[in-house]
Amino acid sequence: MKLASTLTFAATLALGLLNGCTRHQPPATSDLINTDATLHGQLPYPILSWTPLVVTVDRTMGTTSTLFTDGTSRALVTWSQREDPHWFGARIPGAPQRVELVDPTNGTHQYRVFSGSPLTEQTVSGDPTERIVAIAAMQQIELP
608 MKLASTLTFA
618 ATLALGLLNG
628 CTRHQPPATS
638 DLINTDATLH
648 GQLPYPILSW
658 TPLVVTVDRT
668 MGTTSTLFTD
678 GTSRALVTWS
688 QREDPHWFGA
698 RIPGAPQRVE
708 LVDPTNGTHQ
718 YRVFSGSPLT
728 EQTVSGDPTE
738 RIVAIAAMQQ
748 IELP
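When the letters of the sequence shown are read in order and numbered with this note's numbering, they come out as residues 608 to 751.
In structure tokens, the structure reads:
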């Protein structure tokens, strides 16, 4: 019995040393930066460089949305979610699905929608007032 436990310990130690002596590979850039979530297309502003105000997650739709602002305009960016390869059970933004831009001009709010891959401006059907009000009503979360 003592011989078996000694052999088990020696084998575990040897495997640990062999594993520890392997050459360390630095992570690839694609492992560190989520390039899938990049906004490609015909956007009029560099939205991802704006200040994020609110992040929402819709588990039923499998999406993550972030509201950005440059101080006057607001952009609600919605991404599909994908599994995080580095954290079991976590979900991170995947490909962008839609960008909704509310731009105040001359006392009115211009509403524009971009979708597709790459993101291109879409024709807005119907009255966008409800979406403009919803995006304008989103407030930054205050943390203690």
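For each residue, glycine too, the CB sits at the ideal point set by N, CA and C.
Alpha-carbon spacing of Pro-700 relative to Glu-737, whole angstroms: Translated into the one-based positions of the sequence shown, residue 700 becomes position 93. Translated into the one-based positions of the sequence shown, residue 737 becomes position 130. Between Pro-700 and Glu-737, the C-alpha separation is close to 26 Å.
One or two residues paired with Ser-687 in a DSSP bridge: Translated into positions along the sequence shown, residue 687 becomes position 80. Ser-687 pairs with Thr-670.
Coil, strand or helix - Glu-749 by DSSP: Within the sequence shown, the letter at position 142 stands for residue 749. Three-state result, Glu-749: coil.
Where Asp-665 falls: helix, strand or coil (DSSP): Here the question's residue 665 lines up with position 58 in the sequence shown. Here Asp-665 sits in strand by DSSP.
Cut-off 6 Å between Cβ atoms - residues of its own chain near Val-662, not counting five sequence neighbours on either side: Residue numbering aside, residue 662 sits at position 55 when the sequence shown is read from its first letter. Once the five neighbours on either side are set aside, the close Cβ partners of Val-662 are Thr-673.
Start and end residues, beta strand (DSSP E) containing Thr-715: In the sequence shown, the residue the question calls residue 715 occupies position 108. 715 to 722 is the extent of the beta strand (DSSP E) around Thr-715.
contact_flag[the stretch 662 to 671, the stretch 719 to 729] where n(CB pairs < 8 Å) is 3 or more: Fewer than three Cβ pairs drawn from the stretch 662 to 671 and the stretch 719 to 729 lie within less than 8 Å of each other, which leaves the two stretches out of contact.
Backbone secondary structure at Val-731 - three-state DSSP: Against the sequence shown, residue 731 aligns to sequence position 124. Val-731: coil per DSSP, three-state reduction.
Span of the beta strand (DSSP E), counted from its first residue to its last, around Ala-702: By 1-based counting over the sequence shown, the position of residue 702 is 95. From DSSP, the beta strand (DSSP E) with Ala-702 extends over 698 to 712.
Other residues of its chain near Ser-732: CB distance less than 8 Å, five sequence neighbours each side excluded: As a working mapping, residue 732 is identified with position 125 in the sequence shown. Counting only Cβ-Cβ distances below 8 Å, and skipping sequence neighbours, we find nothing.
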